[in-house]
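Residues in the sequence shown are numbered consecutively from 1, following full-length UniProt numbering.
Okay, so here's the structure we're looking at.
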Amino acid sequence: MDQAKTLVPYFLNLSDELIIQILHFCAYIDILRFAATSQRHHAILSNSISLKFHIELEVNGLHVVEGSRKGEATYSRLLEELICYRDAWLNLELEDPIERISNREMLLWELREGNYVVAFTSESDAAWATDSWGPDSMQLTPIGSLETPQPVTFSTFYNELTLDFEQDLVALVKTNPDNKMSLEVRLCSTTTGLSHPLARNPVFFVQVGFRIPGPGHQTFTLEVIGDILVVRIAEILDYEYEIMAWNWKSGALLCRIGSISGIADFTLLDSTHLALFSVTTDEQGPRLIALSLYSMIPHTHDETATGPYFSAMEYESAQPSLVFEFPKLDDAYQVLSRVIMRSDPIPGRTTYTKSASFAHSTALTLSIIMSLSHFSSPDMDENSVHLRIFVDAKSLLSYLLEPTGHEDTVVIPWEVWGTRATRWFLCEKQTTYWVYWTSGSRFVRVNENAHSDLDDLSVFDFHPPIVKRTSPYSNRDSTEDQMPLYKEKMRENVLNGRGLLVPHPETLDPDTSVPPSLTHTVGSDMPTVIKTGFAVPIESCLSYRVVTRPSSVPHLEDWSIDGSHIIGMMTVSAYIHSGGDRELTKISIASASTVSSTIVYFMADGTYSPDLLGIFPDELIVRILHFCDFEDILQFATTNRRYYNVVVHTISLQLHVELEANCLEIIKGSQKNNATYSLLLDELARYRDAWLDLKFETPFQQFSEERALLWDFRGGYYAVGFTSASTTTSDADSLEIIPLDSSHARSKLTLPTDFHELTFDSDQDFLVLAKVDAFKINLCSITTGLAHPLAENPMFTVQVDFPIPDPKDEPQAFTMEVMDAILVVKITDPRARKYELIAWNWKTWEPLLRVGSISGAIDFSFLQKTHLVLFSAEEKGKDLRLIELLLYSISPQISKRKKTSTLFHASDYDHAVPVLILRFPEPEKSYTVMPTISFIKSNSTPGKTVYAKSAGFAHPSSPTLGVFLSLYKSPILHADEETARFLIAISTRYILLYLIELPDQKCSSVIPWDEWGTNATRWFVSDDNIYQWAYWMSGTRLIRVHENPVSVLRDLSILDFNSRTIRRFGSSSSEKSFGIHQPPQSDDYLKLQVLAGKGLIRSLRTNHAYPNLPELLTEVVDSEMPTIIVNGFLNPVESRLPYRKVTRTNFLPRCEDWAIYGPYIIMINTMDHGHVGLETITTYKLQT
1 MDQAKTLVPY FLNLSDELII QILHFCAYID ILRFAATSQR HHAILSNSIS
51 LKFHIELEVN GLHVVEGSRK GEATYSRLLE ELICYRDAWL NLELEDPIER
101 ISNREMLLWE LREGNYVVAF TSESDAAWAT DSWGPDSMQL TPIGSLETPQ
151 PVTFSTFYNE LTLDFEQDLV ALVKTNPDNK MSLEVRLCST TTGLSHPLAR
201 NPVFFVQVGF RIPGPGHQTF TLEVIGDILV VRIAEILDYE YEIMAWNWKS
251 GALLCRIGSI SGIADFTLLD STHLALFSVT TDEQGPRLIA LSLYSMIPHT
301 HDETATGPYF SAMEYESAQP SLVFEFPKLD DAYQVLSRVI MRSDPIPGRT
351 TYTKSASFAH STALTLSIIM SLSHFSSPDM DENSVHLRIF VDAKSLLSYL
401 LEPTGHEDTV VIPWEVWGTR ATRWFLCEKQ TTYWVYWTSG SRFVRVNENA
451 HSDLDDLSVF DFHPPIVKRT SPYSNRDSTE DQMPLYKEKM RENVLNGRGL
501 LVPHPETLDP DTSVPPSLTH TVGSDMPTVI KTGFAVPIES CLSYRVVTRP
551 SSVPHLEDWS IDGSHIIGMM TVSAYIHSGG DRELTKISIA SASTVSSTIV
601 YFMADGTYSP DLLGIFPDEL IVRILHFCDF EDILQFATTN RRYYNVVVHT
651 ISLQLHVELE ANCLEIIKGS QKNNATYSLL LDELARYRDA WLDLKFETPF
701 QQFSEERALL WDFRGGYYAV GFTSASTTTS DADSLEIIPL DSSHARSKLT
751 LPTDFHELTF DSDQDFLVLA KVDAFKINLC SITTGLAHPL AENPMFTVQV
801 DFPIPDPKDE PQAFTMEVMD AILVVKITDP RARKYELIAW NWKTWEPLLR
851 VGSISGAIDF SFLQKTHLVL FSAEEKGKDL RLIELLLYSI SPQISKRKKT
901 STLFHASDYD HAVPVLILRF PEPEKSYTVM PTISFIKSNS TPGKTVYAKS
951 AGFAHPSSPT LGVFLSLYKS PILHADEETA RFLIAISTRY ILLYLIELPD
1001 QKCSSVIPWD EWGTNATRWF VSDDNIYQWA YWMSGTRLIR VHENPVSVLR
1051 DLSILDFNSR TIRRFGSSSS EKSFGIHQPP QSDDYLKLQV LAGKGLIRSL
1101 RTNHAYPNLP ELLTEVVDSE MPTIIVNGFL NPVESRLPYR KVTRTNFLPR
1151 CEDWAIYGPY IIMINTMDHG HVGLETITTY KLQT
């Protein structure tokens, strides 16, 4: 059965209830996209509490703990509690604090799942608590209750502990006084203090290969997750450590990580993976930094002996699955021995409870503490660099989802992962108190307030979905409207790494009342740059949001955050009659006045189902997966062997993935009889690989003997408008259609009227002609030249309120585009800064859209079948300095005309309101936009065939927009040295996401440049006349031809802005590709050229390159390599859209102009024969 044709109608026939169940297996962003596809789908989401709950859980990185729901815990109630919990953290709404005093002398303490635990000694002899011994008891203080349970005393002393209250488990560890290379691990009940009944070996012993220092030297770290106990033993001064993981119930050793020479700390990433932050020594000291991921589950089914005696050296050290490299240190620095990495709470542990319990399935944010010392003065703190680094754990886990094809360790360079996944901060001094300052994705920070006896409380959130969802464009924060000085100081603090020390700069008048809360969002476009301690400056861009309540908390010694609580601690002295002074701990607890949650799926009857798809046959699972994003499909395949086989052995799903990765779809009804999924997949892969490696057939050359007065490329055809009259001053009245593919016949056509502009759609046999006189439009058949039979008004006149310039004097006087039944016409006088843009249904002549100017200039392109995008420059003062992208919905308007009229008066219609406004940077005050040569192009009309073989392939939306922007320094208009010209590639993926998330409102949503522009664009400078650039872009690709000083042939370059292609293939189409070489120039030279925006005009043959280059060169410029435009704008403009550039050297002959469309590269030359210009069209077709 042809599944692609039956998929949508099958889905339409499903009930709303089943659709809801299916959507529960999709990511929240896909649910939002689905809701935007039709009115019914929008209503399904709007009316489904469970889907809203799903979305809220996923955005907050939570799930509902199985079996924790109380009887009254309906979806509505859980959703309401979750929203209250979310908003309480967003606004830092805290209940009145309560104070607790622990009357135990604290030797150790832990904060776990809402419980403050103090370790103390029950003995009166002070020697019991020396380095040789330690505490033997613990006191539990529930921070959400006034009741204090009885203390628990164990049968032995211990040096470190960790607890899992849900399993009634406490793990204790102590050194062996008689053997300093041995330790004892004891598994007890938190209730009784006796051996845990589920532990086969409640006491076992471990021998390591180094002397274990006494407690208080970061010797031990313990963590429990499910059945797994992980213990770290470290001698940080001698750079030795062991990390071992056991199944604490069976006693089986699961994993051993041993150091060669270095320091390390670990945290639990999820239920099966451990993250290790390590610093390995070189000849100078501890200097090689990495973050590694290890599987804690053995690859074999053979269990290791269960002890109770383990000698670490007898077991092979595990190899990491992934290693994330960190930047190299400056030669003058080394890492100090105290490094700490934490992520709290443990994945799966309850973080909030109300009508149900909520937990994080994985770690959200890793928090790293690291200090660097200078070799010249290692003991002087003023020369040290103290760092706090936050890492987005989700970005690390995403690499585990990508199959590597081998079991060796995969190394991810810092440049690939680090900048976007981390945020670095400088600190004033080294500290170990910050271990418990992080919970989930939140970090608590208290700063002294010089103007108050109370301190300022700040909470930072580093979870990207939360930050993005509450960014200023969607929910304007309280301080986003501050004066420019505030924003500048904020940017300066963030840039210099002082964002923790100074969460909000003081720029207000001291006499001005401070608002009760201050909020700021630091997006990925606002980087932090650490300039000291490393070989090169370190840039980090992980977005975060910080909310501060000034003068809100008392001054205490330490602060912690746990689930829905913020805890302050102070050690106080008390006189105890039984002897001397004693230190007691005072605890202040403030609770967030709400709850948390996570993703859970319930059956219609309210019972929990961990695998709803398990009841479906494979055929239905395949149908369901076709409604998911391809990345979700790949992730789904990793969940179990059955689902892996479903994906691997289903050609339709592989085709789905390939189509989406290439931003393509199959045109409905275009499949030929032999078009099986296997054939289509093979053809699509060949098309993809041909572009990756620039493989072309022998070029095909054609001539036009007509003098081209105007021309156009559309759908694989080259159209030449010419005059049939003998005089060369006549307007065009004839048309020649030249197919780019030699298998189609050419045609000539004399039309009943002359014309100044044309556009056509060969699939609809549709030709549009425009004549400047009174601006008449003719809708014709491209075959006969007669009126098109489907057009209700095949000839009409458009009237505007300004004189229309002669196209001979102003080439951009009008522009026309066709997409299915939509005809869009732009009429403009750019020098007078007047324009009208009108869209009709050309078949019914129903007006759809009108955009008119007060004073400005625009150009337009189709974004998708429902939206138009305008590149607009409006007056700010006297100059065109307000630059924006405007998105309009193409929808019918109420007409004032009579049905039989053939006159369309633009002013009879209201101006449309854009649904979305994307701001561009503001030009420098001496610069203004040059409207005559600033335009936007995307030569991939949505739904229009770009490649056809056994079926037609099209882009459902324009994947990349090309903006061609010229600025001139007023009032000098014609001096090239006073002109700044740019080509700006814009990925529409970012724009479409904003469309999906638009709030339900009638006014425009405005997105500032800092919110969207840096990541969605890549800027290039040019010294060319950018009139030539109009046809340089097609789909995600841009063509560029360079002169070759050592050859008569030119170098052909294709730049691809599809980030999915870059991530999948990098420098080649597959591992089997050959002849691919990286360019010989240095990385520094490449970075300098990209940084300066010279990625288009840069020659490969420089003093950094060899004169003889290989036939094929590939360069990848990722988002870690920015372009910064310093001329023409008030502030430097940074852009980071990644691209891949492949160059075939010595390939093309000299040509006047070139274009790219679908599988074709087209060269155009004009040869003079007397007074007649002959067009030569040379077509290079992909070898597919």
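Cβ atoms here follow ideal geometry from the backbone N, Cα and C, with glycine treated the same way.
Just so it is clear, the structure is predicted and the values come from calculations on it, not from any experiment.
Check: Roughly how many angstroms separate the alpha carbons of K899 and F862, rounded to a whole number?; Outcome: Note on K899: pLDDT 49, under 50, position unreliable in the model; no value is reported.
Check: If you run the structure through DSSP and keep just helix, strand and coil, what is Y1085?; Outcome: helix
Check: I need the DSSP call for R831, collapsed to helix, strand or coil.; Outcome: coil
Check: Pick out the complete alpha helix (DSSP H) segments inside the segment 939-1011, 4 residues or longer, and give them in chain order.; Outcome: 988-996
Check: Please state the DSSP three-state secondary structure of E184.; Outcome: strand
Check: Take R104 as the anchor and find which of N115, A119, N91, L823 has the nearest alpha-carbon.; Outcome: A119
Check: Mind checking A171: buried by the 16 CB within 10 Å criterion, or exposed?; Outcome: buried
Check: With distances taken from CA atoms, which of I933, F630, R1063 is nearest D1118?; Outcome: R1063
Check: Would you kindly check if the distance between the Cβ of W424 and the Cβ of S278 is under 8 Å?; Outcome: no
Check: May I have a chain-ordered list of the beta strand (DSSP E) segments no shorter than 3 residues that lie completely inside the segment 343-431?; Outcome: 350-353, 357-359, 365-374, 385-392, 410-412, 422-427
Check: Based on the DSSP output, what are the partners of Q702 in its beta bridges?; Outcome: I1177
Check: Note the first and the last residue of the continuous alpha helix (DSSP H) segment covering Q35.; Outcome: It is Ala, not Gln, that sits at residue 35 in the sequence shown. First-last of the alpha helix (DSSP H) with A35: 28-35.
Check: Are there 16 or more other CB atoms within 10 angstroms of the CB of F703, so buried, or fewer, so exposed?; Outcome: exposed
Check: Look up M1163 in the DSSP assignment and give the residues it is bridged to.; Outcome: W1154, T1178
Check: Which residues mark the beginning and the end of the alpha helix (DSSP H) in which H41 is found?; Outcome: 39-47
Check: Would you mind working out which of T1179, K487, K826 sits nearest E697, comparing C-alpha positions?; Outcome: T1179
Check: With distances taken between CB atoms, is the gap from I827 to V851 smaller than 8 Å?; Outcome: no
Check: So is E448 buried or exposed if we call it buried at 16+ other beta carbons inside 10 Å?; Outcome: exposed
Check: With distances taken from CA atoms, which of T280, I297, D265, V117 is nearest I225?; Outcome: I297
Check: Could you give the DSSP three-state label for K776: helix, strand or coil?; Outcome: strand
Check: Take L237 and list the residues in its own chain whose beta-carbon comes closer than 7 Å to its own, dropping the five residues that flank it on each side.; Outcome: S337
Check: Confirm, please, whether the CB-CB distance from I651 to L681 is below 8 Å.; Outcome: yes
Check: In chain order, what residues of the same chain have a beta carbon less than 6 Å from the beta carbon of P914, not counting five sequence neighbours either side?; Outcome: L886, L887, Y888, S1004
Check: Please report the distance separating the alpha-carbon of I1010 from that of A980.; Outcome: Note on identity: in this sequence residue 1010 is Asp, with Ile being the wrong assignment. Their backbone Cα atoms lie some 22 Å apart in a straight line.
Check: By DSSP's criteria, Q319 is part of a beta bridge. Which residues make up the other side?; Outcome: According to DSSP, Q319 bridges with nothing at all.
Check: Judging by CA-CA distance, which residue of Y1139, E874, E619 is the nearest neighbour of R642?; Outcome: E619
Check: What is the residue span of the beta strand (DSSP E) that F713 lies within?; Outcome: 710-714
Check: When we look at the beta-carbon of Y486 and count the other beta-carbons within 10 Å, is it buried (16 or more) or exposed?; Outcome: buried
Check: How about the segment 1031-1042 and the segment 1148-1164: do they share at least three Cβ pairs that are nearer than 8 Å?; Outcome: yes
Check: Could you tell me the boundaries of the alpha helix (DSSP H) in which P465 lies?; Outcome: 464-469
Check: Counting beta carbon pairs with one atom in the segment 358-374 and one in the segment 325-344, are three or more of them shorter than 8 Å?; Outcome: yes
Check: Between A791 and the rest of its own chain, which residues show a CB-CB distance below 8 Å, the 5 nearest in sequence each way excluded?; Outcome: L779, W842, K843, W845
Check: To which residues of the same chain is D231 closer than 6 Å at the C-beta, ignoring the five residues directly before and after it?; Outcome: Reading the sequence as shown, one finds Val at residue 231 and not Asp. Result list for V231: L222, M244, in chain order.
Check: Relative to the alpha-carbon of V323, which residue among I289, L23, A421, A787 has its alpha-carbon at the smallest distance?; Outcome: I289
Check: Exposed or buried, K174, counting other C-beta atoms within 10 Å across all chains shown (16 or more means buried)?; Outcome: buried
Check: Going by DSSP in three states, L18 sits in which element: helix, strand or coil?; Outcome: helix
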